[in-house]
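So the number in my numbering is just where the residue sits in the sequence shown, counting from 1, plus 231.
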Amino acid sequence: MITGKHEAIKITVKAGESFQIKVWEDRTKGHRWVPSYDTSLLRVLSDEYERMRNIRVTDSGMHYFEFLGMKPGTALIDFESRYGWKFSADNHLSYEVIITN
(Lines of atoms letter the chains of each structure in order from A; the text may use other names.)
(Lines give C-alpha, C1' and ligand atoms only; values in the text may rest on other atoms or scores of the structure.)
Protein backbone atom coordinates (compact mmCIF):
# COMPACT_ATOMS: atom_id res chain seq x y z
CA MET A 232 0.00 0.00 0.00
CA ILE A 233 1.33 3.45 -0.90
CA THR A 234 0.44 6.35 1.37
CA GLY A 235 1.50 9.79 0.25
CA LYS A 236 5.10 9.71 -0.99
CA HIS A 237 6.25 6.58 0.82
CA GLU A 238 5.41 2.92 1.06
CA ALA A 239 3.88 1.50 4.23
CA ILE A 240 5.93 -0.96 6.29
CA LYS A 241 4.05 -4.27 6.55
CA ILE A 242 3.49 -6.09 9.83
CA THR A 243 1.60 -9.38 10.16
CA VAL A 244 0.20 -10.54 13.51
CA LYS A 245 -2.42 -12.98 14.73
CA ALA A 246 -5.60 -11.68 16.36
CA GLY A 247 -4.90 -11.38 20.09
CA GLU A 248 -1.16 -10.82 19.60
CA SER A 249 0.67 -7.61 20.37
CA PHE A 250 3.48 -5.91 18.47
CA GLN A 251 5.75 -2.94 19.10
CA ILE A 252 6.74 0.02 16.95
CA LYS A 253 9.60 2.26 18.06
CA VAL A 254 10.38 5.69 16.67
CA TRP A 255 13.07 8.29 17.45
CA GLU A 256 11.92 11.63 18.89
CA ASP A 257 13.82 14.81 19.66
CA ARG A 258 11.62 16.42 22.28
CA THR A 259 14.16 19.20 22.78
CA LYS A 260 12.74 20.68 19.58
CA GLY A 261 9.15 19.79 20.51
CA HIS A 262 9.05 16.79 18.15
CA ARG A 263 6.57 13.93 18.67
CA TRP A 264 5.18 11.10 16.58
CA VAL A 265 1.38 10.94 16.83
CA PRO A 266 -0.39 7.78 15.58
CA SER A 267 -3.83 7.51 14.02
CA TYR A 268 -5.36 4.07 13.40
CA ASP A 269 -8.58 2.07 13.20
CA THR A 270 -9.68 1.52 16.81
CA SER A 271 -11.99 -1.33 15.79
CA LEU A 272 -8.94 -3.41 14.75
CA LEU A 273 -6.12 -2.09 16.95
CA ARG A 274 -5.72 -1.01 20.55
CA VAL A 275 -2.75 0.73 22.17
CA LEU A 276 -1.47 -1.33 25.11
CA SER A 277 1.38 1.01 26.00
CA ASP A 278 2.79 4.36 24.91
CA GLU A 279 6.18 4.91 26.55
CA TYR A 280 9.05 7.32 25.95
CA GLU A 281 12.62 6.49 26.99
CA ARG A 282 15.13 9.29 27.14
CA MET A 283 18.38 8.06 25.59
CA ARG A 284 20.79 10.87 26.29
CA ASN A 285 21.61 12.06 29.80
CA ILE A 286 22.48 15.63 28.92
CA ARG A 287 20.46 18.25 30.78
CA VAL A 288 19.81 20.42 27.73
CA THR A 289 18.74 17.56 25.44
CA ASP A 290 15.61 15.43 25.58
CA SER A 291 15.76 12.88 22.79
CA GLY A 292 15.09 9.18 22.77
CA MET A 293 12.89 6.31 21.67
CA HIS A 294 9.11 6.33 21.76
CA TYR A 295 7.70 2.81 22.08
CA PHE A 296 4.12 2.04 21.04
CA GLU A 297 2.68 -1.41 21.75
CA PHE A 298 -0.47 -2.31 19.83
CA LEU A 299 -2.86 -5.26 20.08
CA GLY A 300 -4.41 -6.75 16.94
CA MET A 301 -7.98 -7.33 18.10
CA LYS A 302 -9.65 -9.10 15.15
CA PRO A 303 -8.78 -10.18 11.61
CA GLY A 304 -8.46 -7.43 9.03
CA THR A 305 -6.02 -4.89 7.63
CA ALA A 306 -5.36 -1.64 9.47
CA LEU A 307 -3.17 1.32 8.61
CA ILE A 308 -1.24 3.11 11.36
CA ASP A 309 -0.20 6.57 10.20
CA PHE A 310 2.31 8.35 12.42
CA GLU A 311 2.49 12.12 11.91
CA SER A 312 5.67 13.96 12.82
CA ARG A 313 4.42 16.88 14.91
CA TYR A 314 6.03 19.93 16.43
CA GLY A 315 4.24 21.85 19.19
CA TRP A 316 4.05 25.13 17.30
CA LYS A 317 2.98 23.79 13.88
CA PHE A 318 -0.54 22.97 12.74
CA SER A 319 0.43 20.44 10.07
CA ALA A 320 2.64 17.36 10.04
CA ASP A 321 6.19 17.55 8.67
CA ASN A 322 6.53 13.86 7.87
CA HIS A 323 4.65 10.56 8.01
CA LEU A 324 5.49 6.96 8.83
CA SER A 325 2.94 4.36 7.78
CA TYR A 326 2.50 0.75 8.83
CA GLU A 327 0.10 -1.67 7.18
CA VAL A 328 -0.93 -4.19 9.84
CA ILE A 329 -2.39 -7.47 8.59
CA ILE A 330 -4.23 -9.26 11.40
CA THR A 331 -4.89 -12.95 10.76
CA ASN A 332 -6.89 -15.64 12.62
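We treat Cβ as the ideally placed atom computed from N, Cα and C, and that holds for glycine. Only a predicted model underlies this, so the values are computations on that prediction, with no experimental measurement involved.
For this session: Starting from residue 282, follow its DSSP beta bridges and name the residues at the other end.
Result: Residue 282 is bridged by DSSP to 292.
For this session: Less than 8 Å between the CB atoms is what I'm expecting for residue 291 and residue 283, so what's the real figure, rounded?
Result: Yes, they are in contact, since the Cβ atoms of residue 291 and residue 283 sit about 6 Å apart, within 8 Å.
Exercise. Would a C-beta distance cut-off of 9 Å place residue 246 and residue 302 closer than the cut-off?
Worked result: Yes.
Exercise. How many angstroms separate the CA atom of residue 263 from the CA atom of residue 332?
Worked result: Using only the alpha carbons, I get a separation of about 33 Å.
For this session: For the region 241-269, list the beta strand (DSSP E) runs that are entirely contained and at least 3 residues long, ordered along the chain.
Result: Fully enclosed beta strand (DSSP E) runs of 3 or longer: 249-257, 262-267.
Exercise. Grouping DSSP H, G and I as helix and E and B as strand, with all else coil, what is residue 287?
Worked result: Collapsing the DSSP output to three states places residue 287 in coil.
For this session: Could you spell out the range, first to last residue, of the beta strand (DSSP E) harbouring residue 324?
Result: Segment 322-331, the beta strand (DSSP E) holding residue 324.
For this session: Take residue 274 and list the residues in its own chain whose beta-carbon comes closer than 8 Å to its own, dropping the five residues that flank it on each side.
Result: Within the same chain, 298, 299, 301 come within 8 Å of residue 274 by CB-CB distance, once the 5 residues on both sides are set aside.
For this session: Give the straight-line distance between the Cα atoms of residue 305 and residue 244, rounded to the nearest whole angstrom.
Result: When rounded, the separation of the alpha-carbon atoms in residue 305 and residue 244 is 10 Å.
Problem set entry | Cβ-based burial, residue 330 [other Cβ within 10 Å; buried from 16] | Label assigned to residue 330: buried.
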